[in-house]
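The sequence shown stops at residue 756 when you use my numbering, and every number in between is there.
Ideal placement from N, C-alpha and C gives every residue a C-beta, glycine not left out.
The block underneath contains the structure these notes are about, expressed in structure tokens.
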Amino acid sequence: MHLLQFVRDASLFSQGILVLLVLLSVVSWALILDRILYFVKARKAGEDFADAALQSPGLSDLLQLVAYHGDAPAARMLEDAAAGLARRMGSPLSATANDWERQLQSRGLAEMEQAERGLGFLATVSSASPFIGLLGTVWGVMVAFLRIGSHSGQAMLEVVGPGIAEALIATVAGLATAIPATIAYNFFSALSTQQRRRLEEMAGQVEGLSRAAREDRSR
Numbered sequence: 538m539h540l541l542q543f544v545r546d547a548s549l550f551s552q553g554i555l556v557l558l559v560l561l562s563v564v565s566w567a568l569i570l571d572r573i574l575y576f577v578k579a580r581k582a583g584e585d586f587a588d589a590a591l592q593s594p595g596l597s598d599l600l601q602l603v604a605y606h607g608d609a610p611a612a613r614m615l616e617d618a619a620a621g622l623a624r625r626m627g628s629p630l631s632a633t634a635n636d637w638e639r640q641l642q643s644r645g646l647a648e649m650e651q652a653e654r655g656l657g658f659l660a661t662v663s664s665a666s667p668f669i670g671l672l673g674t675v676w677g678v679m680v681a682f683l684r685i686g687s688h689s690g691q692a693m694l695e696v697v698g699p700g701i702a703e704a705l706i707a708t709v710a711g712l713a714t715a716i717p718a719t720i721a722y723n724f725f726s727a728l729s730t731q732q733r734r735r736l737e738e739m740a741g742q743v744e745g746l747s748r749a750a751r752e753d754r755s756r
């Protein structure tokens with residue numbers, strides 16, 4: 538008997554478990570591909586922007602770079618922070634380091650929300666899928682024992698086989714859904730931590746340039 542035949546002959550409850558796991562797996566893989574594209578693009582653009590930012594002698598020079606590195610999370614953070622300060626003060630160049638710190642913290646959180654989008658779902662799938670599969674396993678074993686009882690207690694292979702197959706298929710489906718989600722969650726969490734560190738480094742550079750600019754103007 539083929540695998541698909543076992544699935545077709547399974548109880549409605551077991552089929553529902555399998556459908557749920559398949560749906561969770563499909564959504565997980567869609568999120569994984571989305572996060573891969575996001576981090577590949579963000580990392581390349583972020584490295585280019587960081588290299589260019591190191592060459593900037595002043596805050597005004599750094600702000601001019603933003604228009605050329607719009608795909609970099611740090612550049613978007615800086616652009617949004619500068620826009621917020623411009624609305625409040627007329628020019629971001631006149632803002633204090635504390636003003637920059639508040640704006641960058643707020644915009645940095647927004648960028649991190651974008652970076653961590655979908656990670657909560659992956660964490661849920663990685664932890665819940667094995668238990669969903671286990672539920673299907675327990676159900677399949679229960680079905681196998683019920684079939685034994687309905688055949689005068691004779692534990693023949695053709696009697697218990699379908700129930701055991703349901704149990705094993707549910708276990709495999711649960712693990713096949715959970716394992717990629719777990720690996721992806723840990724991998725993307727590490728990339729998010731790296732991005733947070735780059736944003737903090739950029740914020741520190743901007744605050745330092747802002748202090749230096751104000752000191753120059755006060756002389």
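Handout entry: Cβ pair Gly711, Ser663 closer than 8 Å
Key = As a working mapping, residue 711 is identified with position 174 in the sequence shown. As a working mapping, residue 663 is identified with position 126 in the sequence shown. No, Cβ-Cβ distance for Gly711 and Ser663 is not below 8 Å.
Exercise for the section: Indicate whether Gly595 and Leu746 have their beta-carbon atoms separated by less than 8 Å. Expected result: Position 58 of the sequence shown, counted from the first residue, corresponds to residue 595. Position 209 of the sequence shown, counted from the first residue, corresponds to residue 746. Taking 8 Å as the Cβ cut-off, Gly595 and Leu746 qualify as a contacting pair.
Handout entry: Exposure label - Arg625; buried when at least 16 CB within 10 Å
Key = If you number the sequence shown from 1, residue 625 lands on position 88. The residue is exposed, with fewer than 16 neighbouring Cβ atoms inside 10 Å.
Handout entry: For Ala647, the first and last residue of its enclosing alpha helix (DSSP H)
Key = Within the sequence shown, the letter at position 110 stands for residue 647. Where Ala647 is concerned, the enclosing alpha helix (DSSP H) stretches over Ala634 to Ala652.
Problem - Straight-line Cα distance separating Gly627 from Thr714 - result: Locating residue 714 in the sequence shown gives position 177, where the first residue counts as 1. Locating residue 627 in the sequence shown gives position 90, where the first residue counts as 1. Computed Cα separation, rounded: 52 Å.
Handout entry: Straight-line Cα distance separating Pro629 from Arg639
Key = Within the sequence shown, numbered from 1, the residue matching residue 639 stands at position 102. Within the sequence shown, numbered from 1, the residue matching residue 629 stands at position 92. Taking the straight line joining both Cα atoms gives about 13 Å.
Exercise for the section: Could you tell me which uninterrupted alpha helix (DSSP H) segments, each at least 4 residues in length, are contained entirely in the stretch 573-600, listed from first to last along the chain? Expected result: none
Practice task
Would you tell me roughly how many angstroms separate the C-alpha atoms of Gln732 and Met649, rounded to the nearest one?
Solution key: Counting from one through the sequence shown, the residue named residue 732 turns up at place 195. Counting from one through the sequence shown, the residue named residue 649 turns up at place 112. Rounded to the nearest angstrom, the two C-alpha atoms are 8 Å apart.
Problem - Pairwise C-alpha distance: Pro610 and Ala582 - result: Within the sequence shown, the letter at position 45 stands for residue 582. Within the sequence shown, the letter at position 73 stands for residue 610. About 8 Å.
Practice task
Quick one: measure Cβ to Cβ for Ile554 and Gly673, integer angstroms, because I've assumed they're closer than 8 Å.
Solution key: Counting from one through the sequence shown, the residue named residue 554 turns up at place 17. Counting from one through the sequence shown, the residue named residue 673 turns up at place 136. Indeed they touch by this definition, with Cβ atoms about 4 Å apart.
Exercise for the section: Take the Cβ of Tyr605 as the centre, count every other Cβ of all protein chains shown within 10 Å, and call the residue buried at 16 or more, exposed below. Expected result: Counted from its first residue, the sequence shown places residue 605 at position 68. The residue is exposed, with fewer than 16 neighbouring Cβ atoms inside 10 Å.
Practice task
In the DSSP assignment, find the unbroken alpha helix (DSSP H) run with Asp617 in it and report its ends.
Solution key: As a working note, residue 617 is residue 80 in the sequence shown. That run of the alpha helix (DSSP H) goes Pro610 to Met626.
Handout entry: DSSP state of Gly655 mapped onto helix, strand, coil
Key = Mapped onto the sequence shown, residue 655 falls at position 118. Coil, per DSSP.
Practice task
Please look up how many angstroms separate the CB atoms of Leu599 and Ala587, rounded, as I've assumed it's under 8 Å.
Solution key: Walking along the sequence shown from the start, residue 599 turns up at place 62. Walking along the sequence shown from the start, residue 587 turns up at place 50. The Cβ separation is near 11 Å, so there is no contact.
Practice task
Compute the distance between the beta-carbons of Leu671 and Ala718, then report whether it is under 8 Å.
Solution key: Position 134 of the sequence shown, counting from 1, holds the residue named residue 671. Position 181 of the sequence shown, counting from 1, holds the residue named residue 718. Contact: no.
Problem - 6 Å Cβ shell around Leu602 - same chain, five flanking residues per side excluded - result: Within the sequence shown, residue 602 is the residue found at index 65, counting from 1. Same-chain partners within the cutoff: Ala589.
Practice task
Using the Cα positions of Ala749 and Gly645, report the straight-line distance between them to the nearest angstrom.
Solution key: Taking the first residue of the sequence shown as 1, we reach residue 749 at position 212. Taking the first residue of the sequence shown as 1, we reach residue 645 at position 108. Each residue's Cα considered, the two are about 22 Å apart.
Handout entry: Ala702 burial status per 10 Å Cβ neighbour count (16 or more: buried)
Key = As a working mapping, residue 702 is identified with position 165 in the sequence shown. Label assigned to Ala702: buried.
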